[in-house]
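Numbering (full-length UniProt numbering), first residue to last: 1 to 378.
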Amino acid sequence: MSDHNEPLDEELPPEDRLGGLRGVEADPLVPREPEMELLDQDWYDRFDEKFVQTNTTSEEYRNQYLLAFREWKDHMAQFDRHETLPSVTHVNLFIKKSLNTQSPGVVKTKIRYIREVYKWMQRDHRFPHPTNWDPFLNALEENTIALTSSEADDFPVLHLEDVQRKVHEITNIAERAAIVFQLKTGIRSSELCNIRFSDIKIANHEVMNHYEPLGIGSDPILDGKQNVVYIPRDEVRERNKRKCPTVIPLDDETRATLIDYLLIRPDNGDEHVFLTKKGKPLDRGSLQVFWNNNWRPEYEYDEDDEFRSISPHFARHWMSTWFRSRKSWNEPWVQYLRGDRMGPDIGTKRSAMHRYVHAYFGDIEERYERDIFPLDIL
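Dropping the structure here:
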C-alpha cells in the first residue's frame with residue numbers, strides 16, 4: 001500500500017454529515033482493516049483458485065476475471081486501504097476512470113467480477129466483511145445512468161407467458177421458424193438472413209439427407225457437434241456484426257420449428273436457409289414483416305410513447321436479459337452467445353476461431369440446454 005491520501009478529504013456530503021450526527025459510520029469498512037491485515041494473502045488469487053478455476057475449463061473466461069482483478073488491485077494500490085475493503089468513493093473512482101476507455105457494459109461486468117470476491121467474504125463468517133454493507137452495490141446504484149449501455153432497453157416488459165402466448169399465435173410455418181430461431185439464439189436480423197446450410201447441423205436424417213447437396217452441416221467448425229448453428233464473425237461473413245464467431249445449441253423447440261419449415265421450403269438450390277415467399281434469400285425488411293405480422297398492433301407504439309415497438313431486435317434483448325437476470329449466467333457466457341468481443345481480436349485464422357469456439361461452447365452447451373426458456377410449443 002502507498003502513502004497516498006484518501007480521496008475523501010473534501011467537505012463531507014450532507015448524507016455523511018447526517019450519519020455522523022446520528023453516530024453512523026460513514027465508511028464502515030475502515031475498522032475492519034486490521035483484521036484483514038493479520039494475514040498477508042492475495043485474496044483475489046485465492047478466489048481465482050477456489051472458484052474461477054474450478055468452474056470453467058476456458059482460459060478465455062478465466063482471463064476476464066484476472067483482468068478485472070488486476071485493474072482493481074492497481075487502482076486500490078493508489079490508496080492506503082485494503083483492496084477488499086473499499087469505500088463507495090473508491091468504487092466510484094474506478095468506474096469513472098474505466099468509463100474513459102471502456103464501454104458501460106464492460107465496466108459493469110468488471111465490477112460484477114470484483115464484487116463476487118466481496119460477496120464471497122460476506123458469506124464466509126471467517127472474514128470481517130459485514131453482510132449489511134456493500135460499497136459495490138451502492139456505487140452501481142449511484143452510477144446507473146453512466147453504466148447504461150447505448151443499446152436500447154426500452155422495450156415493453158414482457159413476461160415469459162406473454163412471449164409464449166405470442167409464439168403460440170403464429171400460424172405461418174416460415175414466420176414461426178424464423179421468430180423462434182431469433183428468440184432462442186438472440187442473433188441479429190442480418191445474421192439470421194445470412195445463415196447458410198453449411199452453418200447448421202440437425203439430428204434429423206430426412207433433413208440432413210434432403211439438403212446434403214447444399215452442404216448442410218459441412219463447415220469444419222461443426223465437426224463433432226450436433227444440433228447447432230454457426231454464426232461467423234463480421235470479417236468472415238459480410239453483414240454479420242458479431243466480433244467473435246459463435247456456435248449456438250439448437251434446443252428441441254428450435255429444431256422442431258426449423259424442421260417443420262425445412263420440410264416445406266422451396267427446393268430452388270439456394271444455400272440460404274431462410275427464404276421469402278418468392279423463394280429469394282430472406283432480407284431484413286422481410287424479417288421485419290414477419291415480426292410485424294405477429295407482434296403488432298398489440299406491441300406497437302408511437303414515437304412519443306414510453307416504449308419502443310417490438311421488432312426483431314427484441315429477440316436479442318430478450319435472450320440476453322433471460323440469461324443475465326433470470327438465470328444469473330456469468331457475463332462471458334452471455335457475451336459469447338451475443339458474439340461480443342471479450343479480449344484481444346482472435347483474427348480470422350480458422351485454427352484460432354476453432355480454439356475460441358471450442359473453449360466457450362464446452363462451457364455453455366449443457367447450461368444452455370438446461371436454462372433456455374421454454375415456449376411450450378411441442
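Every residue gets a Cβ at the ideal spot worked out from N, C-alpha and C, and that includes glycine. As the structure is a computational prediction, the values presented were derived from the model and not from experiment.
Item to check | Secondary structure of His-129, DSSP reduced to three states | outcome: Coil at His-129, not helix or strand.
Item to check | Among Leu-21, Leu-66, Asp-124, Trp-133, nearest to Lys-110 - alpha-carbon criterion | outcome: The residue from Leu-21, Leu-66, Asp-124, Trp-133 with its alpha-carbon nearest to that of Lys-110 is Leu-66.
Item to check | Same chain, Cβ closer than 7 Å to Tyr-299, neighbours up to 5 away in sequence not counted | outcome: Pro-156, Ser-309, Ile-310
Checklist entry - Within 10 angstroms of its Cβ, does Asp-305 collect 16 or more other Cβ (buried), or is it exposed? => result exposed
Item to check | Minimum C-alpha distance to Asp-363 - residue among Val-52, Val-167, Pro-14 | outcome: Nearest of Val-52, Val-167, Pro-14 to Asp-363, Cα basis: Val-52.
Item to check | Contiguous alpha helix (DSSP H) assignments of at least 4 residues, all confined to the segment 289-346 | outcome: 313-321, 331-338
Checklist entry - By the 10 Å Cβ neighbour count, where 16 or more other Cβ atoms means buried, how is Ala-139 classified, buried or exposed? => result buried
Checklist entry - Where does Glu-369 fall in DSSP's three states? => result helix
Checklist entry - So what's Val-117 in DSSP terms, helix, strand or just coil? => result helix
Checklist entry - Is the distance from the Cβ of Gly-118 to the Cβ of Asp-134 below 8 Å? => result For the record, residue 118 in the displayed sequence is Tyr; it is not Gly. In this structure, Asp-134 lies closer than 8 Å to Tyr-118 by Cβ.
Next on the checklist: Measuring alpha carbon to alpha carbon, tell me which residue in Ala-174, Asp-16, Ile-216 is nearest Phe-274.
Outcome noted: Ala-174
Next on the checklist: One question on the structure: do Ala-315 and Gly-186 come within less than 8 Å of each other, judged by their Cβ atoms?
Outcome noted: At a Cβ-Cβ threshold of 8 Å, Ala-315 and Gly-186 count as neighbours.
Item to check | In DSSP terms, what Arg-196 is bridged to | outcome: His-272
Next on the checklist: Please classify Glu-253 as buried or exposed, where buried requires at least 16 other C-beta atoms within 10 Å of its C-beta.
Outcome noted: buried
Next on the checklist: Three or more C-beta pairs under 8 Å: does that hold for the segment 88-104 against the segment 30-42?
Outcome noted: no
Checklist entry - Is Leu-287 closer than 8 Å to Pro-312 when the C-beta atoms are compared? => result Result yes, Cβ atoms of Pro-312 and Leu-287 sit closer than 8 Å.
Next on the checklist: Spatial neighbours of Phe-181 within its chain, please: C-beta separation below 7 Å, excluding the five flanking residues on both sides.
Outcome noted: Leu-192, Thr-254, Leu-258
Item to check | Beta-bridge partners of Lys-201, as assigned by DSSP | outcome: Val-228
Checklist entry - What are the start and end residues of the alpha helix (DSSP H) that includes Ile-173? => result 173-185
Item to check | Reference Trp-322, options Ser-103, Ile-372, Ala-359, closest by Cα | outcome: Ile-372
Checklist entry - Taking the C-alpha atoms as reference points, what is the distance between Ser-207 and Pro-297? => result This sequence places Val at residue 207; Ser is not what is there. Looking at the two C-alpha atoms, the distance is approximately 35 Å.
Checklist entry - Looking at the structure shown, is Pro-34 part of a helix, part of a strand, or coil, going by DSSP? => result helix
Item to check | Buried versus exposed, by CB contacts within 10 Å (16 or more), Lys-166 | outcome: buried
Checklist entry - Anyone know if the C-beta pair for Tyr-230 and Asp-270 falls short of 8 Å? => result no
Next on the checklist: Quick check: the Cα distance between Phe-307 and Trp-295, rounded to an integer number of angstroms?
Outcome noted: Taking the straight line joining both Cα atoms gives about 14 Å.
Checklist entry - Which residues in the same chain have their Cβ closer than 8 Å to the Cβ of Asn-92, if we skip the five residues on either side of it in sequence? => result The answer, listed in chain order, is Ala-139, Glu-142, Asn-143.
Item to check | Check whether Tyr-261 and Ala-177 have beta carbons under 8 Å apart | outcome: Yes; because the gap between Cβ atoms is below 8 Å, this pair is in contact.
Item to check | Environment of Ile-145 [buried if 16+ CB atoms lie within 10 Å] | outcome: exposed
Next on the checklist: Could you check if Ala-139 belongs to the surroundings of the ligand COA, using beta carbon to heavy atom distance under 7 Å?
Outcome noted: In terms of ligand content, the structure shown is empty, and the ligand COA therefore cannot be addressed.
Next on the checklist: Quick check on the burial criterion: 16 or more other C-beta atoms within 10 angstroms. Buried or exposed for Gly-285?
Outcome noted: exposed
Item to check | Among Leu-85, Ser-103, Thr-148, nearest to Gln-122 - alpha-carbon criterion | outcome: Leu-85
Checklist entry - By DSSP, does Ile-259 sit in helix, in strand, or in coil? => result Ile-259 falls in the helix class under three-state DSSP.
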